[in-house]
Amino acid sequence: MVQQYYGRPKQTKKKNILRIFIFLFLLAALAVLALFSLSQHLMVQSLNENLDTLESKIDQIEEENKMLWEQYDEIYEENEKLREENRMLRSSTVINNGNRETNKVAITIDDGAHAPLIHRTLDHLKEHNVRATLFPMGSWVDQEPEVWQRAVNEGHELGNHTYSHAFLSTVSDERVREELKGWQESVNDALGFEYRTLFFRPPGMDGFTDSQGQQRERLMEIVADKGMFTILWDIELVYALRNETATVDRITRHVLDNAQGGSIVLLHFTENDIAALPAIITGLRDRGLEPCSLSELLLAEPEA
Ligand SMILES: [Zn+2]
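Take the sequence shown: its position 143, counting from 1, is numbered 140 in our numbering, and each next residue is one higher.
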């Protein structure tokens, strides 16, 4: 009887414990859920903050980008203006000499010859530590590529003297461009890289004599478009000594009598001109003048 009496309450107690467990379990699950959603919320919040920072950074970068583009446009415009000014300068300037306020005298040597004479020229220049500007025709460069390689390796400059020594006043614009391009291709081939020259010298001065104003304008436009200046001279021997025998002594004397600061001397790859070269170099130095290349002359600062 007693056992039966206590039986039922014992069952109720067990049920209560189960309910408490379920309650606690639900409570725990709820807590976990709450924590989870809280952490999600926090994560979303920090992500949003990150996004905001990123967006403001992007705005900043876009702003900077805009400014850079504006600067780029300005620089581009300025550059175009300078290029045009440069082109106009090239198309309107024939250079006969450099600044008279310097003691420099440019040595320029035209045309070309077989390798031994060119090597002899380079030997003289090397011995006296002089850089010169050489104006070979493209056809000579094709014939003797290695001597022109040596010249450039030893610090000399090459200038464009056309491919075939064409007299340009008598040929079409297209032919002039071909002659200039032909020279460029020969030199590039000989040297194995794209060679850049600022200097053009018209073969035989054709198109650039005083009576050839129209031709000169036409040719200079083409030369300027190709990025070059037209270079003549103030001392030459072919015309100056045409009525005399151009001996080594006579050549040397003519150059030294006429040279002054800023002079551009035109020699040719002939036996006598090259034989006179050492005496010309030492004679110039004796007079306080310094033989050099065209770039060295044209970029020289005036003497203080
Ligand atoms: Zn020539």
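Glycine is no exception: its CB is placed at the ideal position from the N, C-alpha and C atoms.
Values in this document were obtained by computation on a predicted structure and should not be read as measured data.
Item	Value
Please classify residue 50: does DSSP put it in a helix, a strand, or coil?	helix
Go ahead and pull the three-state DSSP assignment for residue 254.	helix
Opposite residue 18 in the DSSP bridges: which residues?	Answer by DSSP bridge pairing: none, since residue 18 is not bridged.
For residue 257 and residue 128, I'd like the C-alpha separation in whole angstroms.	18 Å
Determine the direct distance from the alpha carbon of residue 67 to that of residue 133, and round the result to whole angstroms.	46 Å
Would you tell me roughly how many angstroms separate the C-alpha atoms of residue 200 and residue 246, rounded to the nearest one?	26 Å
So, for residue 73: in the same chain, excluding its five sequence neighbours on each side, which residues have a beta-carbon less than 6 Å away from its beta-carbon?	none
Helix or strand or just coil, what does DSSP make of residue 101?	strand
DSSP has residue 287 in a bridge; who is on the other side?	101
On the three-pair Cβ rule with 8 Å, is the stretch 164 to 171 touching the stretch 181 to 191?	no
Hey, is the stretch 272 to 289 in contact with the stretch 247 to 254, meaning 3+ C-beta pairs nearer than 8 Å?	yes
In terms of alpha-carbon separation, which member of 206, 175, 227 lies closest to residue 198?	227
With DSSP as the reference, label residue 226 as helix, strand or coil.	strand
Is the beta carbon of residue 199 within less than 6 Å of some heavy atom of ligand 1?	no
Under a Cβ-count criterion, where at least 16 other Cβ atoms within 10 Å of its own Cβ denotes burial, should residue 288 be classed as buried or exposed?	buried
By the three-class DSSP mapping on this structure, what secondary structure does residue 296 have?	coil
So the candidates are 45, 122, 34; which of them puts its Cα closest to the Cα of residue 106?	122
Quick one, which of 223, 268, 286, 242 has its alpha-carbon nearest residue 254's?	286
So if DSSP puts residue 33 in a beta bridge, which residue, or which two residues, is it bridged to?	According to DSSP, which records beta bridges pairwise, residue 33 is partnered with nothing at all.
Figure out for me which residue from 157, 191, 28, 64 has the closest Cα to the Cα of residue 109.	157
Within a Cβ cutoff of 7 Å, which residues of the same chain sit near residue 300, ignoring the five residues on either side of it in sequence?	98, 99, 100
Does the pairing of the stretch 85 to 92 with the stretch 214 to 233 give three or more beta-carbon distances under 8 Å?	yes
Given 6 Å as the limit, tell me if residue 139 has its C-beta closer than that to any heavy atom belonging to ligand 1.	no
Just how far apart, CA to CA, sit residue 221 and residue 116?	32 Å
With distances taken Cα to Cα, identify the nearest neighbour of residue 160 among 137, 125, 79, 144.	137
What do you reckon, are the CB atoms on residue 114 and residue 131 nearer than 7 Å?	no
According to the Cβ coordinates, are residue 259 and residue 94 closer than 7 Å?	yes
For residue 234, which option in 265, 284, 36 has the closest C-alpha, if you only look at C-alpha atoms?	265
Could you please give the first and the last residue of the uninterrupted beta strand (DSSP E) stretch that includes residue 165?	Taken as a continuous stretch (DSSP letters only), residue 165 belongs to no beta strand (DSSP E), as it is neither H nor E.
Regarding residue 107 and ligand 1, is the C-beta to nearest heavy atom distance less than 6 Å?	yes
Just the Cα atoms here: how many angstroms apart are residue 296 and residue 71?	28 Å
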